[in-house]
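Okay, so here's the structure we're looking at.
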Amino acid sequence: MLNVPPQAFPAPGSQQRVAASGRAKVPLKPGRSLMDWIRLTKSGKDLSGLKGRLVEVTEDELAKHNKKEDCWICIRGFVYNVTPYMEYHPGGEDELMKAAGTDGTDLFDQVHRWVNYESMLKECLVGRMAVKPIAAPKGMLSEKGVLGASTKDVMLSYDWFQTDSLITIVIYTKQKDLNAELVIVDCQDKRLRGEIIIDDHSYLVEVDLYHAVQEDLAVNITEKVGKVEIILKKNDNIHWKMLGQPLENHNTFIKRTDRGQFYRKCKLVSKTEVTHDTKLFCLMLPKSTHLRVPTGQHVYLKQIIAGTEVVKPYTPVLPFLPLDFKEPSCHDGAHIYLMIKIYSCGPFTQALEHLQVGDYISVSNPEGNFKKSQVQASEDLFLLAAGTGFTPMVKLLDFALTEVSCLRTVKLMFFNKTEDDILWRNQLEQLALKDKRFEVKFILSQPTKDWMGKEGKISSSLLSEFVKRSSKYSKVLICICGPTPFTEQGVQYLKDLGYSQEEIHAFTA
Ligand code: FAD
Ligand code: NAP
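What the sequence shown shows, in the numbering used here, is residues 736 to 1244, in sequence order.
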């Protein structure tokens, strides 16, 4: 049974009150939580104001609806009447009004591109903008159908060939530093989707295959020349006349932020306790998916809660903290581990808590702006984490201690309320004993009397004591993650202490 939260929520620290990317938090009135909005959308009320009709909206018409009491916004070509949603918007009415009567797509993407507005605002849909999008290439893909997508610096193309039992699709990127994290492939019900990430752009091969294929696929990457092979096993050993039908976004090379999120269903294979309120969820990717989540990036989970699709971000961790950093850890790539704190009144984590082993949940492609090169250039790495803000630090620690030879010190300052809240305390202490470069400090904001360690909250004095260059000119990187106000305060203290923007990475949505 789904635990529907009482009216008092969202709680003061709730993500529902905190707009992503550290934007202003606005206290929502009682009765204006996510669950209240979902209830209203199910009530049968006419929220679009058009009694179920859909209209084609011209720019002039859109511009007329620019007041709080009559506010239309266009997102990706669809127009919504957001007036009924005003009081429920976690970022507040003023944020929403910035896009009143206009195309709010860019603003939306900057702030919370991951929010599933199509589902959240479905009852507010007024119609489409009158301008038609440019049509993607259509037609069947023949045996030697080589198509290309290019910009000034990048030229991409693909080809395909077959043997009796295999179909191989080859994508040529001409990018030297291509690796497994930059290639995402899914094949579901004859629908093949291969995405290649090149900086902040994405190239997509998306085809409705001519015939069905077997579930498991293989991906080979030749890093030196930037070649990707997707190998599919035919179901029947028959000759294919063509690869299939190109889908809408096939053979496009566009900004990643303009690509819609893609989800695949993953099976929950285990759920184990980490602390009294935090669990490690192990999800298994389908055999027909090739996906590696890069260090410092997160994925989105999507669940239907009370009939509405709700999306929340989570940062994958490792199954445990490796203690032997001699060789790069070998992860099987078939599983994603998520360390998730269950809030007694959090709608999303309550639904996760009720997920049973064997159930499925939708997992998105990875996102995030952290770059490993930031660590590769540093000599001192400082990690400041609060609560589950520890999650991005897990892979980061593994990467830093395994693969970054110039690092002299790696220090984690871990803020929690009580001793019972400390995630993987034992493993962290073991690691500190084992690796001389690594040091961990626990700071508790609500300790019991017998706590012998540090007490308090993030402050300038704590940071100045902890974050110190190992030598006068050593290159530092300071990574920070936790509740938004924690992160914002931390960044400000660090700047006041003289650290530059380039030396600080804050994990946000
Ligand atoms: P919400 O409705 O958002 O409520 C949770 C909040 O409500 C908490 O902050 C808590 O203060 C408050 N609250 C809930 N119950 C009570 C109560 N009884 N009394 C007082 N206060 C209460 N979370 C993880 O656990 N692991 C991750 O790896 C992770 N990665 C993230 C990555 C990114 C980029 C971002 C932006 C967030 C991440 N989060 C992570 C947070 C996650 O996305 C959700 O916000 C979180 O799981 C809460 O969702 P919810 O709907 O259950 O709760
Ligand atoms: P928590 O247990 O509530 O808090 C952890 C510690 O941080 C406690 O000591 C707490 O002190 C302190 N703290 C909380 N709010 C603070 C504030 N405003 N100023 C200074 N210190 C503060 O934390 P949690 O419930 O695990 O929440 C973790 C947060 O991290 C969530 O908001 C989640 O969204 C975020 N997160 C973000 C990412 C990302 O990549 N962006 C990844 C993972 C998690 P008190 O005793 O005062 O509460």
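A virtual CB, placed ideally from N, CA and C, is assigned to each residue, including glycine.
Phe1221 CB to nearest heavy atom of the ligand NAP below 7 Å: Yes - the ligand NAP has a heavy atom lying nearer than 7 Å to the Cβ of Phe1221.
Nonlocal neighbours in the same chain, by C-beta distance under 6 Å from Asp921, ignoring five residues either side: Counting only Cβ-Cβ distances below 6 Å, and skipping sequence neighbours, we find Arg928, Arg999, Thr1024.
Distance between Gln996 and Val881 (C-alpha atoms, nearest Å): Because the pLDDT of Val881 is 46, which lies under 50, any placement of that residue in the model is unreliable, and the question is left without a value.
Distance between Ile1096 and Glu853 (C-alpha atoms, nearest Å): Looking at the two C-alpha atoms, the distance is approximately 19 Å.
Spatially closest choice to Pro1021 from Gly1093, Glu1238, Gln1227, Ile1040, by CA coordinates: When Gly1093, Glu1238, Gln1227, Ile1040 are compared, the shortest CA-CA separation from Pro1021 is found for Gly1093.
Residue ranges of each alpha helix (DSSP H) within the segment 809-868, 4 or longer: The segment 809-868 contains these whole alpha helix (DSSP H) runs: 828-832, 840-847, 852-855.
Distance between beta carbons of Trp849 and Pro1048, contact taken as under 8 Å: Indeed, because the Cβ distance is near 6 Å, the residues count as touching under 8 Å.
Contact test: Asp704 Cβ vs the ligand NAP heavy atom, cutoff 7 Å: Only positions 736 to 1244 of the chain appear in the structure, and residue 704 is not among them; the question remains open.
Neighbour-count burial assignment, Gln923, 16 or more Cβ in a 10 Å radius: With fewer than 16 other Cβ atoms within 10 Å, it is exposed.
Cβ shell of Ser783 (< 7 Å), same chain only, five flanking positions each side left out: Hits under 7 Å: Asn816, Glu858, Cys859, Leu860, Val861.
Helix, strand or coil at Gln897 [DSSP, three-state]: Three-state result, Gln897: strand.
Cα-Cα separation, Leu1073 to Met1148: Across the structure, Leu1073 and Met1148 are spaced so that their CA atoms are roughly 21 Å apart.
CB of Val1175 within 8 Å of CB of Pro1101, strictly: In this structure, Pro1101 does not lie closer than 8 Å to Val1175 by Cβ.
Val1110 - DSSP class collapsed to helix/strand/coil: Three-state DSSP puts Val1110 in a helix.
Residues bridged to Gly929 (per DSSP): Answer is Val920, Val940.
Burial state of Ala798, where buried means 16 or more other Cβ atoms lie within 10 Å: It is exposed - the Cβ of Ala798 has fewer than 16 other Cβ atoms within 10 Å.
Closer than 7 Å: Gln1085 CB and nearest the ligand FAD heavy atom: In this structure, Gln1085 has its CB closer than 7 Å to one or more heavy atoms of the ligand FAD.
Asn1104 classed as buried or exposed, judged by whether at least 16 other C-beta atoms fall within 10 angstroms: Here Asn1104 is exposed: its Cβ has fewer than 16 other Cβ atoms, across all protein chains shown, within 10 Å.
Asp1185 versus Thr1153 - alpha carbon distance: Distance between the alpha carbons of Asp1185 and Thr1153: 11 Å.
Inter-stretch contact at 8 Å, needing at least 3 Cβ pairs: the segment 1083-1090 / the segment 1038-1045: At 8 Å Cβ cutoff, the stretches touch.
Pro1251 - DSSP class collapsed to helix/strand/coil: Coverage of the chain is limited to positions 736 through 1244, which leaves residue 1251 absent and any answer about it impossible.
Distance cut-off 7 Å: Asn1079 Cβ against heavy atoms of the ligand FAD: Checking the sequence shown, residue 1079 turns out to be Ser, not Asn. Taking 7 Å as the cut-off, the C-beta of Ser1079 counts as close to a heavy atom of the ligand FAD.
Ile773 - DSSP class collapsed to helix/strand/coil: Helix at Ile773.
Buried versus exposed call for Gln1032 [16 or more other C-beta atoms within 10 Å across all chains shown]: Here Gln1032 is buried: its Cβ has 16 or more other Cβ atoms, across all protein chains shown, within 10 Å.
Proximity winner among Gln1181, Leu1232, Ile902, Ala1069, relative to His974 (alpha-carbon distances): It is Ile902 whose Cα lies nearest to the Cα of His974.
Status (buried if at least 16 other CB within 10 Å, exposed otherwise) for Arg788: An exposed status is given to Arg788, since fewer than 16 other beta-carbon atoms sit within 10 Å of its beta-carbon.
Neighbourhood of Trp895 by C-beta, 6 Å cutoff - its chain only, sequence neighbours within 5 removed: Closer than 6 Å at the Cβ level, and outside the excluded window around Trp895, lie Ile904, Leu978.
4 or more residues per run - each alpha helix (DSSP H) lying fully within the segment 944-978: Runs of the alpha helix (DSSP H) inside the segment 944-978: none found.
CA nearest to the CA of Leu944, picked from Lys803, Ile1178, Asn970: Sorting Lys803, Ile1178, Asn970 by C-alpha distance to the C-alpha of Leu944 places Asn970 at the top.
Residue interval of the beta strand (DSSP E) (run including Asn1151): Going by DSSP, Asn1151 is part of the beta strand (DSSP E) stretching over 1144-1151.
Reduced DSSP secondary structure (H/G/I, E/B, other) of Lys802: DSSP places Lys802 in strand when its eight states are reduced to three.
heavy atom of the ligand NAP below 7 Å from Gln1038 C-beta: Answer for Gln1038: no, Cβ out of range of the ligand NAP.
For Ser1194, the first and last residue of its enclosing alpha helix (DSSP H): Element bounds for Ser1194: n/a, residue is neither H nor E.
Beta bridge counterpart(s) of Gln1038 as assigned by DSSP: Residue pairing of Gln1038 in beta bridges, as defined by DSSP: Val1045.
Given Ser1113 as reference, the closest of Lys1146, Leu1053, Ala1121, His1089 once Cα atoms are compared: The shortest C-alpha separation from Ser1113 is found at Lys1146.
Distance cut-off 7 Å: Thr1126 Cβ against heavy atoms of the ligand FAD: Checking the Cβ of Thr1126 against the ligand FAD gives yes.
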